[in-house]
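Numbering (the working numbering), first residue to last: 318 to 595.
What follows is the structure in structure tokens.
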């Protein structure tokens, strides 16, 4: 028995060492990003590399602001990402509820058609979307970036799979008590889907926060640039502004950490809840 306990303890110890090693490897680039944001560009390629943060952060940020108006770009990214996430959560949850709990003609073919759109490359959609936005006069606007992708196929799929876990008897009881169909969705389905909605919100927010190609085409005014577009301007043909890029990157990842840390308790539960048949 002692031998088995010792063997189990060694396995646990090895597992902890492995996880600690992976954590350190993941944190090294993040730490270097913070250090690089606080030093002048002349020290970037010095040897041995500098490992202690400097005092150049405010100077680097000032240069960044003068180059690309980063504060405005960050505001644009926050407005677009938050608005897109909220709108997409509403549309995806409503569509998922409909596909999970209602019967209508061509239900299954329509659902699989929506899933099939996941394989369409964005390069195939950019030109038609751009021409459409030009015709309705939405170029260089938040709506042009948010609305075309609001009904996210992956979000609809996740919501549909999770909504299936809601007992039909519960909905029927609510109908007998006089609840409307919208009340079934708003007061019964949504409260039970909070973990799934939190997990989906992280996915949607990250997708929009890091979007580059489509905003690059549709947002031609520098005042409307998002963070990825602003960062691209710092890479010139003759010079790359590493100091400014590191400051911008360190600021850009902050909202991602805030969103994930706020909803991490729901993330794993929300991702896995739809995978278990009930």
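Here a beta-carbon is modelled for each residue, glycine too, at the ideal position from N, C-alpha and C.
- Counting along the chain, the unbroken alpha helix (DSSP H) around residue 493 starts and ends at 485-493.
- The C-beta distance from residue 491 to residue 501 rounds to 6 Å, short enough to fall under 8 Å.
- Contact between residue 345 and residue 567 is ruled out by a C-beta separation of about 15 Å, above the 8 Å threshold.
- Proximity of the stretch 348-368 to the stretch 483-497 falls short of the contact definition, fewer than three beta-carbon pairs being nearer than 8 Å.
- Inter-residue distance for residue 468 and residue 575 is about 25 Å (C-alpha atoms, whole angstroms).
- In its chain, beyond the 5 residues on either side, 470 and 471 have a beta carbon closer than 7 Å to the beta carbon of residue 435.
- 418 is the residue among 418, 457, 348 and 331 whose C-alpha sits nearest the C-alpha of residue 485.
- In this structure, residue 401 sits near residue 463, with a CB-CB distance shorter than 7 Å.
- Apart from the 5 residues on each side of it in sequence, residue 519 sits with its Cβ closer than 8 Å to the Cβ of 576, 577, 580 and 584 in its chain, given in chain order.
- Cβ contact annotation for residue 545 (same chain, cutoff 6 Å, sequence separation greater than five): 529, in chain order.
- Bounds of the alpha helix (DSSP H) holding residue 531 are 530-535.
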